[in-house]
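Okay, so here's the structure we're looking at.
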Amino acid sequence: MDAVRSASSPRRELPSLVGPALALGLPAACAFSAGTHIALAPEHFGESAPLGLGFLAAAALLLALGLGAYTRRRSVRIPLLIALLSAALIAGYIASRSVGLPILHPEPEPVDAVGVTTKAAELVALILSLRLYRRNAAGTARCETQWRTRWTTIP
């Protein structure tokens, strides 16, 4: 009988690594991408001032949102903004390598290792931010439902 009990006893689950991965991975991916954009800004200022300013603006937004994701882990808006920014930066890179950017840099540029590595980090940020958004949005809906049932029911 003891063998049956031990075989049917619930397994202990390993602690989830999703929380720490999101808490540290998302800001790290944003910081990596921001650092690369800052490093490449002077080179792009030589080609076009608006292009260099675009690189600095992307770096500032990535740093601010990465810091926000680290300090406000339960936020629903910050992960969504990181996902949108990452998707826009990836799309901008693909456009700059395939057809060029009409106003900023009309000629297509060759694909380079630094750009691909940066886009890989932004893809990681995109995936992690969507995962965090989904988790936080589900938590918000749960809290809202609990609040409504607690305060709107008449005893």
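Per our numbering, the sequence shown starts with residue -16, numbered consecutively.
The beta carbon of each residue, even a glycine, is placed where N, CA and C say it ideally should be.
Of the residues the options, the one placed nearest residue i, counting alpha carbons only
i: glycine 18; options: Thr101, Ala121, Leu63, Val94; result: Thr101
i: glutamate 30; options: Ala120, Ile86, Leu113; result: Ile86
i: threonine 54; options: Leu7, Leu34, Val107, Pro93; result: Leu7
i: glycine 98; options: Ile77, Leu113, Arg118; result: Ile77
i: leucine 34; options: Ala11, Leu44, Ile61, Leu84; result: Leu84
i: leucine 113; options: Ala32, Leu36, Ala40, Ile61; result: Ile61
Residues of its chain near residue i, where Cβ-Cβ distance is below 8 angstroms and the 5 sequence neighbours each way are ignored
i: glycine 122; result: Arg57
i: leucine 46; result: Cys13, Ala14, Ala17
i: leucine 109; result: Ile65, Ala66, Ser69, Ala70, Ile73
i: proline 93; result: Arg80
i: alanine 96; result: none
CA-to-CA distance, residue j to residue i, given in whole angstroms
i: glycine 2; j: tyrosine 116; result: 12 angstroms
i: alanine 4; j: alanine 66; result: 16 angstroms
i: alanine 42; j: proline 91; result: 22 angstroms
i: phenylalanine 28; j: alanine 22; result: 11 angstroms
i: leucine 111; j: valine 59; result: 13 angstroms
i: valine 107; j: alanine 120; result: 20 angstroms
i: arginine 118; j: alanine 11; result: 19 angstroms
i: alanine 32; j: alanine 40; result: 12 angstroms
i: leucine -3; j: leucine 36; result: Confidence at leucine -3 is low in this model, with a pLDDT of 46, below 50, so the placement of that residue is unreliable and no value is reported for it.
Residue i: CB within 7 angstroms of a non-hydrogen atom of the ligand MN
i: proline 10; result: Only the bare structure without any ligand can be found here, which leaves the ligand MN out of the picture.
Beta carbon of residue i nearer than 8 angstroms to that of residue j
i: serine 81; j: histidine 88; result: no
i: glycine 49; j: leucine 9; result: yes
Own chain, CB closer than 7 angstroms to residue i, minus 5 neighbours either side, in chain order
i: phenylalanine 38; result: His20, Leu23, Ala24, His27
i: leucine 63; result: Tyr116
i: leucine 44; result: Leu68
**Prompt:** Touching or not, the region 69 to 79 and the region 91 to 107, by the rule of three or more beta carbon pairs under 8 angstroms?
**Reply:** yes
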